[in-house]
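Below you'll find the structure, written out as structure tokens, and then a few comments.
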Amino acid sequence: MCNIQIETIKSFIDILSALLTPTVAICTAWFIREQKNIQFKQQQTELLKLRIEHIRNVFDTWGNFHKNINYIKDYKAELFVPYGKNYEEVIYELEIIRADLYKYNLSTKYLFTDEIYKLEYEIIKSLSNFIPSRGTPFSIYHIPLKEYTQNREMFNDLYKKYEEIMDKENKLCK
């Protein structure tokens with residue numbers, strides 16, 4: 129009788145040993161899958177943070193470019209010199225801001241679509257038309273109203289494209 133119990137226990141241990149390997153394999157596969165999901169979500173979160181930072185930088189910089197431009201819709205767009213500055217300082221600031229936008233545009237290629245990259249580039253390129261050459265007094269320099277309006281429209285299009293991408297990101301993160 130004792131031999132029968134020992135044989136039964138040995139058989140039971142053999143069965144458990146045989147089940148141990150597939151159980152470990154299944155658990156390992158499950159852990160690997162979960163790790164990949166966590167890694168993917170972390171990458172998406174990091175990408176989202178980079179995109180938000182990029183959009184914030186572009187908007188702030190674009191706004192800084194336009195702070196010295198007096199714009200009245202369908203009437204005029206002109207540069208002005210704030211109190212305490214001279215023409216050359218304003219032109220230099222505009223050139224620095226344009227250079228910053230080009231710097232942000234380099235990262236756009238990797239954070240967003242090629243379409244957004246090209247649209248950003250066109251906006252920045254058109255901003256160059258609003259910077260007078262050094263030595264030109266603002267009193268005789270006029271910003272072409274049609275080009276300025278087109279630049280603002282392109283920026284609105286860029287905003288909509290950013291919004292579409294961020295809406296997609298929001299749906300993915302839920």
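Counting from 129, one number per residue, gives the positions in the sequence shown under the working numbering.
Glycine included, each C-beta is placed from N, C-alpha and C at the ideal position.
Counted as a single uninterrupted DSSP element, the beta strand (DSSP E) harbouring Asn198 occupies residues 197 to 200. In the three-state reduction of the DSSP assignment, Lys213 falls in the coil class.
In terms of Cβ geometry, Met282 and Glu250 form a close pair [threshold 8 Å].
Beta-bridge partners of Glu206 (DSSP): Asn198.
When DSSP states are grouped into helix, strand and coil, Gly263 belongs to the coil group. When the alpha-carbon of Asp285 is set against those of Pro272, Tyr245, His270, Ile259, the nearest one is in Tyr245. Cβ-Cβ distances below 6 Å link Ile166 to nothing in the same chain once the five nearest sequence neighbours on each side are left out. For Phe240, the closest C-alpha among the options Leu148, Pro260, Glu297 is that of Glu297. Remark: C-beta atoms of Leu255 and Asn279 approach each other more closely than 8 Å.
Going by DSSP, Ser254 is part of the alpha helix (DSSP H) stretching over 242 to 255. The DSSP-derived three-state label of Ile143 is helix. The beta-carbon separation of Leu273 and Lys204, rounded to 6 Å, stays under the 8 Å limit for a contact. Residue burial annotation: Val152 is exposed, with fewer than 16 other C-beta atoms found within 10 angstroms of its C-beta. In the three-state DSSP reduction, Pro150 falls in the helix class (H, G or I).
Taking the C-beta atoms as reference points, Ile197 is found no nearer than 8 Å to Ile252.
If you draw a straight line from the Cα of Asn233 to the Cα of Tyr215, it is about 27 Å long. In this structure, the beta-carbon distance from Ile183 to Tyr290 falls below 8 Å.
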